[in-house]
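> Numbering (UniProt numbering), first residue to last: 1 to 121.
Even glycine gets a Cβ: it sits at the ideal position worked out from N, Cα and C.
This is the structure I have questions about; it appears just below.
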Amino acid sequence: MEEWAKIPAAVCANLVKTYRKCMISILYANEGECRKEADMETVSQGDKTNCLPHKGHEFIPTIYHFPSNCEACTKPLWNVFKPPPALECRRCHVKCHKDHLDKKEDVIAPCKGTVMAVRLY
C-alpha cells in the first residue's frame, strides 16, 4: 500500500490515459471492415460480387462496434461484442439490418446516391 502512495498523481493519470487509448484502439481496430485482409487483396475495388442490390442501393455486409442505428427501424446496429448483421449502401451510405432485406420488408427508401444518365444534344 505504501508503494502506491509514492507514485505521483500525474503519473497515474498518464497511465490511465494510455490504458484508455490502448483499449479503444483494440475495440475499434476493425470498425467498418466487412472482409478479412486476405480477401481484400484478391477482390478489386470495382468488384460487386458481395453487393446486395435493392431499390438502386448497392448494399455491402458490414458490422458496427460503435453507436449506429438502423435507418429503417431505428433499432441499434451495433454491439461491442456481438453486433447484428448489417448492410451499408456504397452509394448513399444508408445503414440497415440485414434482416430487412432477408425478410423482403418494404421499409428501405430508394437510393438517393444513384447517378442519373443525362443526354447532351
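Have a look at Val107 and Phe59 and give me their C-alpha separation to the nearest angstrom.
Distance between the alpha carbons of Val107 and Phe59 is about 15 Å.
> Would you mind reading off the limits of the beta strand (DSSP E) that contains Leu52?
Where Leu52 is concerned, the enclosing beta strand (DSSP E) stretches over Leu52 to His54.
> Near Cys51, which residues of its chain fall below 8 Å by C-beta distance, leaving aside the five closest residues on each side in sequence?
Correct list, in chain order: Glu58, Phe59, Ile60 and Arg90.
> Skipping 5 residues on each side, what residues in its chain have a beta carbon closer than 7 Å to that of Lys36?
Low local confidence applies: a pLDDT of 43 at Lys36 is under 50, so the model's placement there is unreliable, and no value is given.
> Which residues in the same chain have their Cβ closer than 8 Å to the Cβ of Cys70, if we skip the five residues on either side of it in sequence?
If we look at Cys70 and ignore the five residues flanking it on each side, its Cβ neighbours are Pro76, Leu77, Ala86, Lys95, Cys96, His97 and His100.
> In the DSSP assignment, the alpha helix (DSSP H) including Lys98 goes from what residue to what residue?
Start and end: Lys98 to Asp102.
> Kindly list the residues whose CB is nearer than 7 Å to the CB of Pro67, restricted to its own chain and excluding five residues on each side of it in sequence; keep chain order.
Hits under 7 Å: Trp78.
> What are the boundary residues of the beta strand (DSSP E) that Ala86 is part of?
Note, Ala86: beta strand (DSSP E), Ala86 to Cys89.
> Go ahead and label Glu88 buried or exposed: buried means 16 or more other beta carbons lie within 10 angstroms of its beta carbon, across all protein chains shown.
Glu88 should be labelled buried.
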